[in-house]
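First the structure, in the form of structure tokens, and then the observations on it.
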């Protein structure tokens with residue numbers, strides 16, 4: 128960029144300076160001719176009418192570089208300085224006109240001396256052209272100095288502008304390399320230059336979107352792993368129990384396994400649906416009666432808990448049996464909470480649905496205690512053992528997606544409470560829920 132700017136300035140200076148130099152030379156020579164003519168006219172005024180009869184002429188004092196001479200009609204020098212015999216310019220002036228020209232190395236101007244409209248002589252003024260050329264060269268040197276100064280200023284300005292342009296671009300390049308190296312938190316700095324500012328904004332938006340997509344994929348993998356582990360564990364425990372103590376009739380066991388497989392298929396579909404939706408999109412949840420939902424949850428978890436010698440108690444107020452709730456989401460939340468109680472809790476697990484003011488509350492409690500601080504119990508990656516700590520974070524996200532809240536009500540005995548607003552589903556119609 129600097130080379131281009133300097134080259135452009137240099138070309139502009141040449142295109143401007145060459146004609147200007149020619150004009151300066153012409154102006155200096157023209158000015159010198161005017162001065163010579165002025166000196167010759169001043170001398171002609173001092174020549175009286177008696178010059179033609181041979182009287183002496185007293186010329187005014189002239190500069191040493193502007194010699195002035197008076198010639199008679201015979202073209203011979205009568206007074207002043209000049210060649211003894213008149214030159215061509217002087218002879219032309221004898222015709223009654225002002226003449227000028229260059230004779231050898233001298234610039235010459237000659238004016239006629241008249242008396243009663245008759246030419247009686249000629250005054251010749253001259254100067255060495257080296258005097259004029261000295262002035263021209265000095266002017267040219269001044270022009271060259273100005274041109275060099277302009278060129279240096281152009282270099283400084285070009286370097287500054289190049290730095291202003293290159294620094295944000297280099298910064299953007301460095302940020303891109305950091306992102307390529309895995310640092311997805313890197314962002315380009317905004318620039319005062321509108322075009323680069325827009326590029327940086329677009330770049331940051333692109334990186335933000337890519338980061339969001341990658342994070343979404345990570346969450347999907349974690350959520351899918353956690354949500355699929357629970358039904359697979361239940362299926363495994365049921366089949367192992369049937370193998371350990373084979374019943375006479377395997378049909379109930381197979382029907383239970385088939386139901387668990389269908390539940391697993393539905394879970395996969397729901398997790399995929401959540402993964403495909405963005406934060407500004409919606410998920411349609413099919414309404415289910417709370418009583419039916421609680422029965423299904425009890426049927427699903429009674430066996431796994433009984434296999435560990437633990438009980439599952441379901442308490443549902445009669446007035447709440449037919450209330451409709453977002454079925455799939457609430458089932459997922461309850462499954463996560465009961466699975467958490469199975470893995471980390473102790474003793475019996477109690478599932479209670481109750482009505483409080485304008486909300487529905489569902490409690491999942493066991494006889495154990497939680498040692499993790501309530502402020503971080505729902506953070507992704509937090510767990511009381513070596514587990515991934517995904518489930519509670521996912522359950523809270525699903526609760527918020529259904530328009531409710533999931534809180535740790537008590538640390539001992541461990542009790543989680545899901546709050547749902549009253550009238551979440553009305554008239555048996557599906558409700559659109561924000562997807563997390």
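Residue numbers (this note's numbering): 128 to 563.
Positions of the beta carbon are idealized from the N, C-alpha and C atoms, including for glycine.
No residue range can be given for residue 185, since it is assigned to no beta strand (DSSP E) and is classified by DSSP as neither H nor E. Distance from the Cα of residue 542 is smallest, within the candidate group 248, 297, 476 and 503, for 476.
Within the region 454-479, complete beta strand (DSSP E) segments of at least 3 residues are not found at all. Nearest C-alpha to residue 196 among 156, 160 and 239: 239.
Residue pairing by DSSP places residue 537 opposite 542 in a beta bridge.
In the structure shown, residue 295 falls within a helical segment according to DSSP collapsed to helix, strand and coil. By the Cβ neighbour-count rule, residue 223 is exposed, with fewer than 16 other Cβ atoms within 10 Å of its own. The Cβ neighbour count for residue 505, taken over all protein chains shown within 10 Å, is at least 16; the residue is labelled buried. If one requires a minimum length of 4 residues, the alpha helix (DSSP H) runs lying completely within the region 206-264 are 215-220, in chain order. The region 518-533 and the region 454-468 touch, with three or more beta-carbon pairs separated by less than 8 Å. Between the alpha carbons of residue 548 and residue 481 lies a gap of roughly 12 Å. Straight-line spacing of the CA atoms in residue 262 and residue 268 works out to 10 Å. Three or more beta-carbon pairs separated by less than 8 Å are not found between the region 275-283 and the region 213-232, which leaves the two stretches without contact.
Annotated three-state conformation of residue 309 is coil, per DSSP. Classified as exposed, residue 265 has fewer than 16 neighbouring CB atoms from the shown chains inside 10 Å of its CB. One alpha carbon belongs to residue 236, the other to residue 289, and they sit about 57 Å apart.
Residue 415 sits buried, since 16 or more C-beta atoms from the chains shown fall within 10 Å of its C-beta. Around the Cβ of residue 306, a 10 Å sphere holds 16 or more other Cβ atoms; the residue is buried.
Annotated three-state conformation of residue 344 is helix, per DSSP. According to the DSSP assignment, residue 434 belongs to the alpha helix (DSSP H) that extends over 417-434. Per DSSP, reduced to three states, the secondary structure at residue 548 is strand. In the structure shown, the three-state DSSP call for residue 439 is strand. Here the alpha carbon of residue 293 sits roughly 21 Å from the alpha carbon of residue 334.
When the Cα atoms are used, residue 248 and residue 272 turn out to be separated by approximately 47 Å. In this structure, DSSP gives residue 530 a state outside helix and strand, which the three-state scheme calls coil.
Here DSSP, grouped into helix, strand and coil, assigns residue 451 to strand.
Between the beta-carbon of residue 461 and that of residue 501 there is about 20 Å, and that puts the pair past the 8 Å contact cut.
In the displayed model, residue 500 falls within coil according to three-state DSSP, outside both helix and strand. Scanning 304, 198, 140 and 278 for the CA closest to the CA of residue 252 turns up 198. Counting other Cβ atoms within 10 Å of its Cβ, residue 150 stays below 16 and is therefore classed as exposed.
Going by DSSP, residue 319 is part of no beta strand (DSSP E) at all; its letter is neither H nor E. Buried is the label assigned to residue 421, since at least 16 other Cβ atoms lie within 10 Å of its Cβ. Judged by DSSP secondary structure, residue 195 falls within the beta strand (DSSP E) whose first and last residues are 195-198. Residue 506 sits in coil when the DSSP states are folded into three classes, being neither helix nor strand.
For residue 299, the closest of 257, 498, 274 and 330 by C-alpha to C-alpha distance is 330. Under the DSSP definition of a beta bridge, residue 151 lacks any partner.
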